[in-house]
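Accompanying notes for the structure given below.
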Amino acid sequence: MRREHFLDFLFLLETKNSSHYVLKMQRSLGYDMVQLVEPERLSDGLALFWKSSYEVEVLRAEKRIIDVKVKLRAICFFISFGYGEPARHLRQGVWDSLTEIGSTRLEAWLVVGDLNEQMDNSKKLGGPTRDDADFIPFRNMIIDCGLKEIPSSENRISWVGTRNNEYIQCCLDRALGNSDSFNLFPRGHTEYLERIDSDHRPILTRFTNENMSRQRRFMFDKRWTSKPEVEVLIRESWNSGNREDSLTLFESIVDVRRTLSKWKRKTNTNSKKNITNLRDKLEAERNKLVPKIFHRLNKIMRKHLILCDPIICIIFQERCFSAMYQPFPNLDLES
Numbered sequence: 001m002r003r004e005h006f007l008d009f010l011f012l013l014e015t016k017n018s019s020h021y022v023l024k025m026q027r028s029l030g031y032d033m034v035q036l037v038e039p040e041r042l043s044d045g046l047a048l049f050w051k052s053s054y055e056v057e058v059l060r061a062e063k064r065i066i067d068v069k070v071k072l073r074a075i076c077f078f079i080s081f082g083y084g085e086p087a088r089h090l091r092q093g094v095w096d097s098l099t100e101i102g103s104t105r106l107e108a109w110l111v112v113g114d115l116n117e118q119m120d121n122s123k124k125l126g127g128p129t130r131d132d133a134d135f136i137p138f139r140n141m142i143i144d145c146g147l148k149e150i151p152s153s154e155n156r157i158s159w160v161g162t163r164n165n166e167y168i169q170c171c172l173d174r175a176l177g178n179s180d181s182f183n184l185f186p187r188g189h190t191e192y193l194e195r196i197d198s199d200h201r202p203i204l205t206r207f208t209n210e211n212m213s214r215q216r217r218f219m220f221d222k223r224w225t226s227k228p229e230v231e232v233l234i235r236e237s238w239n240s241g242n243r244e245d246s247l248t249l250f251e252s253i254v255d256v257r258r259t260l261s262k263w264k265r266k267t268n269t270n271s272k273k274n275i276t277n278l279r280d281k282l283e284a285e286r287n288k289l290v291p292k293i294f295h296r297l298n299k300i301m302r303k304h305l306i307l308c309d310p311i312i313c314i315i316f317q318e319r320c321f322s323a324m325y326q327p328f329p330n331l332d333l334e335s
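Counting from 1, one number per residue, gives the positions in the sequence shown under UniProt numbering.
Right under this line is the structure:
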């Protein structure tokens, strides 16, 4: 994810590692600042990373909540990064803490994280229907704090797992804001990212409408040297450029690069794009109420992954199958 998104703030929960390990992660991810909540007996643990361009004051850092005040030039707002109690009977304590924080917030305030609770049964697939009274404490906290969901346009089913051998999907991860935050960030939008090596989707909340597309550098893939047509294309493009006296060496190289880029798009040799397409198919299958996860998926992978680099192919297969079978621990993978 870090390759695609270098976020201004990154919140991790259930770190389950010592501060030494998480601080190494901070450096590898390229973040300037960090606030940690140590795990208890290698359980739980929170970490918040941010860039030094923000002035951040940590107001509260406890087992389930990191609450901060953020300043960026003339802009000031608050964010509570939360992790709801996995045990249902303990969640009221988290709601009480958020209500206490919200009761004093007169400025823009956001609540982001895995709150481990649903608003109702409408965003749940599989498993028994819960009594509507179960959701009242969570909804009351949201009402008391004056919060509402930041808009999103993607699939909001953010968690998959099994309970009593039943496959369940529901929305546990969310981003909320009060009315002042919507006034400050009218274009706020939450994106539910791809679920990889986890039972949760990461969520990404943006507050600007900036164009995120960037022109990427051209990189020659050494695997192309095994394809005879590539050498022919390079020779033809180079010789064509040399016939034009006005072309400089640099312009000839640019011409070859343009030719190879067109060839790559037409021949579907982009491994990253192939892997992305396969992941999309995998995700679509996982999001079904009863995924067909056996021969059909295996056939798709065997057919298409051969186009990718062999090492990438092996890694991708391992990750996808581990993610796919994660909610089904009792399945016989040889069947």
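Ideal Cβ positions, reconstructed from N, Cα and C, are used throughout, including at glycine. Just so you know, these numbers come straight off a predicted model, no measurement behind them.
Quiz item: Beta carbon of T208, beta carbon of R187: below 8 angstroms?
Solution: The Cβ-Cβ distance between T208 and R187 falls below 8 angstroms.
Practice problem: Would you check if the distance between the CB atom of H200 and the CB atom of D180 is smaller than 8 angstroms? | Solution: Against a cut-off of 8 angstroms, the Cβ pair of D180 and H200 comes out as no contact.
Quiz item: How many angstroms separate the CA atom of V22 from the CA atom of V37?
Solution: About 10 angstroms.
Practice problem: Going by CA-CA distance only, name the one from L98, E107, V111, T248 that's closest to F77. | Solution: With distances taken between Cα atoms, F77 lies closest to E107.
Exercise. Give the DSSP-derived three-state secondary structure of F77 in the structure shown.
Key: In the three-state reduction of the DSSP assignment, F77 falls in the strand class, which pools E and B.
Exercise. Indicate the three-state DSSP secondary structure (helix, strand or coil) for L106 in the structure shown.
Key: Here L106 sits in coil by DSSP.
Exercise. List the endpoints of the continuous beta strand (DSSP E) containing E251.
Key: If you look at E251, you'll find it isn't in any beta strand (DSSP E); it sits in the alpha helix (DSSP H) that goes 249-267.
Quiz item: So D180 is in the beta strand (DSSP E); what residue range does that whole segment cover?
Solution: First-last for D180: 179-184, but that is the alpha helix (DSSP H), not the beta strand (DSSP E).
Quiz prompt | Validate contact between the region 153-160 and the region 131-139 using beta carbons, cut 8 angstroms, 3 pairs | solution = At 8 angstroms Cβ cutoff, the stretches do not touch.
Self-check item: Inter-stretch contact (C-beta, 8 angstroms, three-pair minimum) for the region 115-129 and the region 161-170
Solution: Counting C-beta pairs closer than 8 angstroms gives three or more between the region 115-129 and the region 161-170, which meets the contact rule.
Quiz item: Pick from R91, A74, L98: whose alpha carbon is nearest that of R60?
Solution: Residue L98 is the option with its Cα nearest to R60.
Self-check item: Boundaries of the alpha helix (DSSP H) in which Q26 is found, first to last residue
Solution: For Q26, the enclosing alpha helix (DSSP H) covers residues 19-29.
Practice problem: Please check the pair G146 and G84, which I expect to be a contact at CB under 8 angstroms, by giving their CB distance rounded to whole angstroms. | Solution: The Cβ separation is near 19 angstroms, so there is no contact.
Quiz item: So, is N183 buried or exposed, given that buried needs 16 or more other C-beta atoms within 10 angstroms?
Solution: Its Cβ having fewer than 16 others within 10 Å, N183 is exposed.
Exercise. Output the distance between the C-alpha atoms of N274 and K266, rounded to the nearest integer angstrom.
Key: Taking the straight line joining both Cα atoms gives about 13 angstroms.
Practice problem: Just mark A175 as buried or exposed, buried being the case when its beta carbon has 16 or more other beta carbons within 10 Å. | Solution: Counting Cβ neighbours within 10 Å, A175 comes out buried, since at least 16 surround it.
Quiz prompt | F169, DSSP secondary structure in three states | solution = Here residue 169 is Gln; the residue named in the question, Phe, does not match the sequence. In the structure shown, the three-state DSSP call for Q169 is strand.
Self-check item: Per DSSP, cross-strand counterpart(s) of L46
Solution: Answer is L13, V37.
Self-check item: beta-carbon K222 near the ligand FMN non-hydrogen atom, thresh 7 angstroms
Solution: Within the structure as shown, the ligand FMN is missing, as the structure has no ligands at all.
Exercise. Compare the Cα-Cα distances from L110 to each of E149, R223, S226, D221 and report the closest residue.
Key: Nearest option by C-alpha distance: E149.
Self-check item: Outcome for R214 when other beta-carbon atoms lying within 10 angstroms are tallied against a minimum of 16
Solution: Bear in mind that the predicted position of R214 carries a pLDDT of just 47, short of 50, making it unreliable; the figure below should be weighed with that in mind. It is exposed - the Cβ of R214 has fewer than 16 other Cβ atoms within 10 Å.
Quiz item: The beta strand (DSSP E) spanning D67 covers which residue range?
Solution: Run containing D67: 65-72, per the beta strand (DSSP E) assignment.
Quiz item: Among L278, L193, S80, which residue has its Cα nearest to the Cα of R105?
Solution: Residue S80 is the option with its Cα nearest to R105.
Quiz prompt | Beta bridge counterpart(s) of W159 as assigned by DSSP | solution = For W159, which the question treats as bridged, DSSP gives the partners C170, H200.
Quiz prompt | Paired residues, beta bridge with D114 - DSSP | solution = Y83, D173, per the DSSP bridge assignment.
Quiz item: Taking the C-alpha atoms as reference points, what is the distance between L12 and I66?
Solution: Cα to Cα, the separation comes out at about 11 angstroms.
Quiz item: Quick one: Cα of V256 to Cα of R223, how far?
Solution: Cα-Cα distance, rounded: 17 angstroms.
Self-check item: Straight-line gap, K24 to L46 (C-alpha atoms, nearest Å)
Solution: Rounded to the nearest whole angstrom, the C-alpha separation of K24 and L46 is 15 angstroms.
Quiz item: Can you tell me whether G48 is buried or exposed, with buried defined as 16 or more other CB within 10 angstroms of its CB?
Solution: First, the residue type needs correcting, since residue 48 is Leu and not Gly in the sequence shown. So L48 counts as buried.
Quiz item: Roughly how many whole angstroms lie between the Cα atoms of H20 and T259?
Solution: Straight-line spacing of the CA atoms in H20 and T259 works out to 49 angstroms.
Self-check item: Environment of F250 [buried if 16+ CB atoms lie within 10 Å]
Solution: Under a 10 Å Cβ-count criterion, F250 is classified as exposed, with fewer than 16 other Cβ atoms of the shown protein chains found around its own Cβ.
Quiz prompt | Inter-residue spacing [alpha-carbon to alpha-carbon] between Q118 and S198 | solution = Near 19 angstroms, if we compare the C-alpha coordinates of S198 and Q118.
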